[in-house]
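Below you'll find the structure, written out as structure tokens, and then a few comments.
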Amino acid sequence: MPYDPSAIEARWQAFWNANQTFRTVEDRAKPKFYVLDMFPYPSGSGLHVGHPEGYTATDIVARYKRMRGFCVLHPMGWDAFGLPAENYAIKTGTHPRATTESNVARFKQQLQSLGFSYDWSREINTTDPKYYRWTQWIFLKLYNKGLAYEAMAPINWCDNCKTGLANEEAVGGVCDRCGGPVIKKNIRQWVLKITAYADRLIKDLENLDWPESIKTMQREWIGRSEGARVKFKIPSADAEFNVFTTRPDTLFGATYCVLAPEHPLVDKITIPAKRAEVNAYREEAKRKSDLARTDLAKDKSGVFTGAFAVNPANGKEMPVWIADYVLMNYGSGAIMAVPGHDERDHTFAKKFGLPIVEVVRGGAVPVAETAFSGDGININSGFLDGLATSDAKKKMGAFLSERGLGEPTVSYKLRDWVFSRQRYWGEPIPILHLENGSMKPLSESELPLLLPEVDRYQPTGTGESPLAAIDAWVNTKDSSTGRPAKRETNTMPQWAGSCWYYLRFMDPANDREPWSKDREQYWKNVDLYVGGVEHAVLHLLYARFWHKVLYDLGIVSTVEPFQKLVNQGLILGEDGEKMSKSRGNVVNPDDVLKDYGADAFRIFEMFLGPLEAVKPWNTKGLEGPYRFLQRAWRLFHEEGRRGEEDRFLPVADLPIADRELEKRIHKTIRKIGDDIEKLRLNTAIAALMELQTAIADAPVPRPRAALEPFVQLLSPFAPHICEELWARLGYKQSIAHAPWPVFDPALTVDDVVEYAVQVNGKVRGRIEVAAGAADAEVQQSALAAVDLGGKTPKKIIIIKGKLVSIVI
RNA sequence: GCGGGAGUGGCGGAAUCGGCAGACGCAGGGGACUUAAAAUCCCCCGACCUUAUAAGUCAUGAGGGUUCAAUUCCCUCCUCCCGCACCA
14 MPYDPSAIEA
24 RWQAFWNANQ
34 TFRTVEDRAK
44 PKFYVLDMFP
54 YPSGSGLHVG
64 HPEGYTATDI
74 VARYKRMRGF
84 CVLHPMGWDA
94 FGLPAENYAI
104 KTGTHPRATT
114 ESNVARFKQQ
124 LQSLGFSYDW
134 SREINTTDPK
144 YYRWTQWIFL
154 KLYNKGLAYE
164 AMAPINWCDN
174 CKTGLANEEA
184 VGGVCDRCGG
194 PVIKKNIRQW
204 VLKITAYADR
214 LIKDLENLDW
224 PESIKTMQRE
234 WIGRSEGARV
244 KFKIPSADAE
254 FNVFTTRPDT
264 LFGATYCVLA
274 PEHPLVDKIT
284 IPAKRAEVNA
294 YREEAKRKSD
304 LARTDLAKDK
314 SGVFTGAFAV
324 NPANGKEMPV
334 WIADYVLMNY
344 GSGAIMAVPG
354 HDERDHTFAK
364 KFGLPIVEVV
374 RGGAVPVAET
384 AFSGDGININ
394 SGFLDGLATS
404 DAKKKMGAFL
414 SERGLGEPTV
424 SYKLRDWVFS
434 RQRYWGEPIP
444 ILHLENGSMK
454 PLSESELPLL
464 LPEVDRYQPT
474 GTGESPLAAI
484 DAWVNTKDSS
494 TGRPAKRETN
504 TMPQWAGSCW
514 YYLRFMDPAN
524 DREPWSKDRE
534 QYWKNVDLYV
544 GGVEHAVLHL
554 LYARFWHKVL
564 YDLGIVSTVE
574 PFQKLVNQGL
584 ILGEDGEKMS
594 KSRGNVVNPD
604 DVLKDYGADA
614 FRIFEMFLGP
624 LEAVKPWNTK
634 GLEGPYRFLQ
644 RAWRLFHEEG
654 RRGEEDRFLP
664 VADLPIADRE
674 LEKRIHKTIR
684 KIGDDIEKLR
694 LNTAIAALME
704 LQTAIADAPV
714 PRPRAALEPF
724 VQLLSPFAPH
734 ICEELWARLG
744 YKQSIAHAPW
754 PVFDPALTVD
764 DVVEYAVQVN
774 GKVRGRIEVA
784 AGAADAEVQQ
794 SALAAVDLGG
804 KTPKKIIIIK
814 GKLVSIVI
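Residue numbers for the first sequence follow the working numbering, beginning at 14 and rising by one.
Structure representation (structure tokens):
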């Protein structure tokens, strides 16, 4: 019976379970290491081969750090609120809780079959009232700090999902969940004031060990831009409006203004003769989704309102237009148009015959032809003439401030976070609406506010959730006054639970507080966080925001939640396309495990290529890791005859006789450690394969001093087979807590070094030289090794331990 | 359009600080073992040249440059992937 992964893996998984091998007990004497996966939404289709990629990488790190003497926190849980289970409930009537439970069971079974060393005693589920009690508790903290407010404004609405969405969920005018179009809808909603943290969310990125691309995405999403607010008056209508501009220095070149079609002032300023045209345009703009509005980007449209504003710099009259290229939800929904120095304004001005004035000199082409948006020297600008752009900006800022016409200001692309959903399967928002129209938060002692049972899960589409239909739940009493009150019927978005789950893992069973201060101060923040890039401006931004609020409240001691972030690359199907049901190229890990076992699967996924890279799956490729594990097994076993058990080979308890083998072991110990620290798991596996080959060359009985470190080094990657071998080597304790082998630096250097000898850049010979040889000696044997055709070398370059380059 | 990343054998990839390109694996070819096959073990496996060997020449998307030496640094261009995209 050769290497039999199914029997070995089942045995050790049961052992780990029975012995609670991976239960984390805080040990203050040890340094801590918190390594976390982005916890999954337990979908009905179970795990696909992409999930275990990141999980395997973190598991290898967790096992390695444990062996290096760290107290490791490596937990797993379920981000289980969300639409799929609810949509399934609408179709079938199955309670989302039931769907969630069975999906979680399946996910958990699959994860356990891969041998991950999670501390399952810390498992959490965001839909558990014991968990969401504290999600609601944090919401109350936000509310009481003035960071959660109710608003009535047009927001992104997905008509498929029948719910409002956050800006982050509606990128490109498309619903993040279902891919359907997003329209604007005016509904009552809860909003979190993430914009109050915009500057800190940008600034604190500096000290994070995150991929630069993710930092850039967050910076761009927050979209900070410095500029000025400028007040424009419309004397005929006795009205005024503000614009935001990053180029106050070009105010003298502003020749018209544009309001967003939704701008509240439009009705008031539009002259009667233009009213019909303006209204028609506004209707048209309203009907367009954001998607359509950006799709039509090539051709600018707009309508003149008939009103004129006064340029505060030069007193000139400027026509006021409306156009859908100006967005209501950025800046103040109005712009001053400087066609000479802004491409969009230039296109618009050309189309509608509006004047173009040059106020910044520096463009290569006249501004009548092409806008010049770079920096230069002001002209035609009164008191700004002759100033460079940056000075002109400052001077105009001062001019506006002095006269009360505006001031320097900062604008952000980031919007406040629309936090309510008109759906059932989410955390109820713990707020009461009183008869007098005011609101009152529940007290902490009234939490959790349980999600009630409903008869129908169908979303109403009216801006109320299915909860609104449950009269007995909605109509309640204010517990302190006994007066009638109505409950808030919106629920929280799926992102709520994941905003703080990494904190709950520190102290998951605490029923007095979300986590104890003591535990939080030990674990601090996540040392290594691995997950998909798709959360760049969603979860990762929201969680950072909540963490900073918690920091300000003094209940966490760190400024940032995730110190180091790594994004694993997508695993594509064998056809090189993204895995999807419709393409039929999805690989189910269960099938792979059946044929090759979890250890081979883990090694294969890591061996595919660099963790961060996008790479195609290839089931045939599993043969390599599988054969490697069989060879590893045969280092220890002689194959039994038909039907017989393999015989465990004798082990020599003597020093390693072969100095080369001994050096190979020490070099590999160093390399595997380095590689794991840097998450270069593919090259670590290659090194283990080489070590296996080297040990196989040693005659039986093979030295224990070679076999043991091999098993130890392999164990984070292939834990089951290594537990088995470790036990057969005579150990009673799990290898998971065995110490990591130590290398002797002296044994990582070669005694004899081979040098390549180059003549004019081409390798013409090879020499072997003792390790510490002096340059003169190296040079001498190099010259003796090649034929220079009687010429004298012009120059000789010696690269220690590598090569000698002779120039003739 | 803007920003970021990448391009290396038939394939996945390696080369960590400018120093011998192709580690490790898959696929393929040959051999050993076997009645035979599977499994296993050993050898070969970028292209060209050469009867074959030895040797040599070329080769890391293309072209140029710096250098004794370039997959690695610089310039120009091509292709692919990812992100953003009227943000005033």
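Note that beta-carbon positions come from the ideal geometry of N, C-alpha and C, so glycine has one too.
Residues bridged to Gly544 [DSSP beta-bridge criterion] = Answer by DSSP bridge pairing, in chain order: Asn580.
Whole angstroms is fine: what's the gap from Glu290's alpha carbon to Lys363's?
-> Straight across, the Cα-Cα distance linking Glu290 with Lys363 is about 21 angstroms.
For Pro663, is the classification buried or exposed, using 16 other Cβ atoms within 10 angstroms of its Cβ as the cut-off for buried?
-> Answer is exposed; the Cβ neighbour count stays below 16.
Limits of the alpha helix (DSSP H) - the one that His552 falls within = For His552, the enclosing alpha helix (DSSP H) has its first and last residue at His552 to Asp565.
Exposed or buried, which one is Pro109 when buried takes at least 16 other CB atoms within 10 Å?
-> Buried, since its Cβ has 16 or more Cβ neighbours within 10 Å.
Please name the residue in His548, Tyr768, Ile348 and Thr229 whose C-alpha comes closest to that of Val256.
-> Closest in C-alpha terms to Val256, from the list His548, Tyr768, Ile348 and Thr229, comes Ile348.
For Leu418 and Asp388, the rounded distance between their alpha carbons | Cα to Cα, Asp388 sits roughly 24 angstroms from Leu418.
Other residues of its chain near Tyr77: CB distance less than 6 angstroms, five sequence neighbours each side excluded | Short of 6 angstroms from the beta carbon of Tyr77, and not among the five residues preceding or following it, lie these beta carbons of its own chain, in chain order: Ile689 and Pro729.
Cβ neighbour criterion (16 or more within 10 Å) applied to Pro497 | Residue environment: Pro497 is assigned as exposed (fewer than 16 neighbouring CB atoms within 10 Å of its CB, all protein chains considered).
For Thr494, which beta-bridge partners are listed by DSSP?
-> For Thr494, which the question treats as bridged, DSSP gives no partner whatsoever.
If we ignore side chains and look at the alpha-carbon of each, how far apart do Met165 and Gln202 end up?
-> Straight-line Cα distance between these residues: approximately 6 angstroms.
Any idea if Ile616 is buried or exposed, counting beta-carbon neighbours within 10 angstroms, 16 or more meaning buried?
-> Taking a 10 Å sphere around the C-beta of Ile616, we find 16 or more other C-beta atoms and assign the residue as buried.
Using a Cβ-Cβ cut-off of 6 angstroms (strictly less than) and excluding sequence neighbours within five positions of Asn538, which residues of its own chain qualify?
-> Excluding residues within five positions, the ones whose Cβ falls inside 6 angstroms are Thr571, Pro574 and Gln576.
Nonlocal neighbours in the same chain, by C-beta distance under 7 angstroms from Val74, ignoring five residues either side | Leaving aside the five residues that flank Val74 on each side, the residues in its chain whose CB is nearer than 7 angstroms to its CB run, in chain order, Val48, Leu541 and Ile689.
Taking just the CA atoms, how far does Phe558 sit from Ser433?
-> Counting only the Cα atoms, Phe558 lies some 17 angstroms from Ser433.
Over the uninterrupted beta strand (DSSP E) stretch that includes Tyr269, give me the two end residues.
-> Boundaries of the beta strand (DSSP E) harbouring Tyr269: Tyr269 to Leu272, taken from the DSSP string.
Count the other CB atoms, across all protein chains shown, that sit within 10 Å of the CB of Met452; report buried if there are 16 or more and exposed otherwise.
-> Classification for Met452: exposed.
Touch test, the segment 220-238 against the segment 283-299, Cβ-Cβ under 8 angstroms, three pairs minimum = The answer is no - the segment 283-299 does not touch the segment 220-238, with fewer than three Cβ pairs under 8 angstroms.
CB Pro55 to CB Trp91, shorter than 7 angstroms?
-> Yes; because the gap between Cβ atoms is below 7 angstroms, this pair is in contact.
Excluding five sequence neighbours on each side, which residues of the same chain lie with their C-beta closer than 7 angstroms to the C-beta of Val204?
-> Answer for Val204: Tyr162, Ala164, Asp429, Trp430, Val431 and Phe432, listed in chain order.
Pull up the distance between the alpha-carbon of Glu501 and that of Pro461, whole angstroms please.
-> About 14 angstroms.
With a Cβ-Cβ cutoff of 7 angstroms, do Ile780 and Ala759 count as a contact?
-> With respect to Ala759, Ile780 sits apart: the two C-beta atoms are not nearer than 7 angstroms.
Report the rounded CA-to-CA distance for Gly344 versus His354, giving the unit in angstroms.
-> Cα atoms of Gly344 and His354: separation of roughly 19 angstroms, rounded to the nearest angstrom.
Can you tell which of Leu692, Val776, Thr696 and Arg532 has the C-alpha that lies nearest to the C-alpha of Thr69?
-> Its Cα nearest to that of Thr69, the residue Leu692 stands out among Leu692, Val776, Thr696 and Arg532.
Which listed residue (Lys175, Arg532, Ala381 and Ala93) has its alpha carbon closest to that of Thr475 = Closest by alpha carbon: Lys175.
7 angstroms CB neighbourhood of Gln826 in its chain, flanking five on each side removed = The question about residue 826 has no answer here: the residues shown for the chain are numbered 14 through 821.
Determine the extent of the beta strand (DSSP E) in which Asp50 is found, giving its start and end residues.
-> Per DSSP, Asp50 belongs to the beta strand (DSSP E) from Lys45 to Asp50.
Arg146 versus Leu464: straight-line alpha-carbon distance, rounded = Here the alpha carbon of Arg146 sits roughly 11 angstroms from the alpha carbon of Leu464.
Fully enclosed by the segment 492-531, which beta strand (DSSP E) runs are 3 residues long or longer?
-> Counting only runs of 3 or more residues that sit fully inside the segment 492-531, the beta strand (DSSP E) segments are 497-500, in chain order.
Among all the DSSP beta bridges, which residues are the ones paired with Met452?
-> Looking at the DSSP assignment, Met452 forms a beta bridge with His446.
Extent of the continuous beta strand (DSSP E) to which Trp334 belongs = Going by DSSP, Trp334 is part of the beta strand (DSSP E) stretching over Glu330 to Ile335.
Cβ contact check for the segment 753-768 and the segment 677-684: 3 or more pairs under 8 angstroms = The segment 753-768 vs the segment 677-684: in contact.
Would you list the one or two residues that DSSP bridges to Tyr162?
-> For Tyr162, the pairing in a beta bridge is given by DSSP as Val204.
Counting pairs of Cβ atoms below 8 angstroms between the segment 521-538 and the segment 487-497, do you hit three or more?
-> Contact between the segment 521-538 and the segment 487-497 is absent, because fewer than three Cβ pairs lie under 8 angstroms.
Would you report the Cα separation of Gly185 and Asp358, rounded to the nearest angstrom?
-> Between Gly185 and Asp358, the C-alpha separation is close to 23 angstroms.
Option in Lys121, Lys206, Val243 and Arg119 with minimal Cα separation from Asn157 = Looking at the Cα atoms, Lys206 is the closest of the given residues.
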